[in-house]
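Numbering (the working numbering) for the sequence shown: -5 to 253. Everything on this sheet refers to the single structure shown next.
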Amino acid sequence: NILHEYQAGAYLVYFGCQAACLYLSSVWVHGQPFKSMVARGLGRLLQVNFSLALILPSRHAVWPAVLGMSFERYIKYHRIVGRSTFILTLAHFILMANCYGALDLFSARANCFGLGNVWGTVSGLLFFVMLAGSFEIVRQRSYELFRVTHMLALPALILACIHATSTIYFLLPPLAVYALDLLLRSSHRAGPARVVAARVFPGDVVELEIDCPRVCRKLEESEALGAYVFLHCQGVSVDPNDLHPFTISRCPKVRILSL
């Protein structure tokens, strides 16, 4: 696991690239006061972070196999990028208000970058709500609230594209990867399964035995250790995306899978 083994180096590369990108973006907007250059540079850096934050949660992308890193580890880095994006958004807001006045943040006047600052302001507010809903205390106490607030990413990114039209070019690559990820995810669906037995142990541990020969065949072919599956129970939720992870505890060479 390259990134896990060299985690400090990964952080150094990420934040070093952030600093380099901010510098180059600020220089690109030359001929303006220093604070204005930095404010515009932060806007460009936000576009880069949007792209990175979107591309990391792709479950079936190529780089997990290349780097030997689990999906859960990618989610960890996704959270780091998300929190960095929040800090950059706040700094962008403050510097833009300081340079051009707070009222300019709500201007719908088109400029050379996009169709008005008000769209960026609303987009930033939606991102703040999304961040508040992503804290661990919210995820643990109300996962549904976490999911709903994360859905705000779509309107927030659309408004960001209206605010700065070049944002779409940063979003196209991760959106293409995400579309491919959805196709791969649908191909990995094992279909319906029948519960053969269910037991509850102390400590809220649930063991299920399910009749699912397709998964058993895949596990026998891959010989994966520590594998897990996601189950969807229609009796709990009709939402097909409401999935529950179960660790595979035993997979004998029959069609019964123990979770």
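Note that beta-carbon positions come from the ideal geometry of N, C-alpha and C, so glycine has one too.
Nearest-angstrom Cα distance between H86 and A191? CA-CA distance, H86 to A191, rounds to 55 Å.
What separation, rounded to the nearest whole angstrom, lies between the Cα atoms of T161 and L97? One C-alpha to the other measures close to 23 Å.
Which of helix, strand or coil does DSSP assign to D175? Note: D175 maps to helix in three-state DSSP.
Below 8 Å on the Cβ atoms is my contact criterion, and I expect F44 with L151 to pass it. Report the Cβ-Cβ distance as a whole number of Å. About 7 Å; that satisfies the 8 Å criterion.
Which same chain residues, not among the five before or five after V7, have their C-beta less than 8 Å away from its C-beta? Annotation for V7: no residue places its beta carbon closer than 8 Å to its own, counting only its chain and skipping 5 residues before and after.
According to DSSP, simplified to helix, strand and coil, what is S101? Correct three-state label for S101: coil.
Residues in its own chain within less than 6 Å of G76 by CB, not counting five upstream and five downstream? If we look at G76 and ignore the five residues flanking it on each side, its Cβ neighbours are A47.
Where in the stretch 65 to 110 do unbroken runs of the alpha helix (DSSP H), each at least 4 residues long, occur, reported from the N-terminal end onward? Counting only runs of 4 or more, we get 65 to 94.
Distance between L251 and P149 (C-alpha atoms, nearest Å): Note on geometry: alpha-carbon atoms of P149 and L251 lie some 41 Å from one another.
If distances are taken between C-alpha atoms only, which option among A154, H144 and G37 comes closest to M90? Nearest to M90 by alpha-carbon distance, out of A154, H144 and G37, is G37.
Separation of Y17 from G108, as counted between CA atoms: Their backbone Cα atoms lie some 22 Å apart in a straight line.
Are the C-beta of E138 and some C-beta of chain D separated by less than 8 Å? Although the question refers to chain D, the structure presented lacks it and comprises just one protein chain.
Identify, in the order they occur along the chain, each residue of the same chain with its Cβ nearer than 6 Å to the Cβ of S30, setting aside the five sequence neighbours on each side. Cβ neighbours of S30 beyond the five flanking positions: C93.
Cβ of L146 within 8 Å of Cβ of V123? Contact: yes.
On the criterion of 16 or more Cβ atoms from any shown chain inside 10 Å, does L253 qualify as buried, or is it exposed? Buried, by the Cβ-count rule.
Assign F28 to one of two classes, buried (16 or more other C-beta atoms within 10 Å of its C-beta) or exposed (fewer than that). With fewer than 16 Cβ atoms within 10 Å of its Cβ, F28 is classed as exposed.
By the 10 Å Cβ neighbour count, where 16 or more other Cβ atoms means buried, how is Y71 classified, buried or exposed? Counting Cβ neighbours within 10 Å, Y71 comes out buried, since at least 16 surround it.
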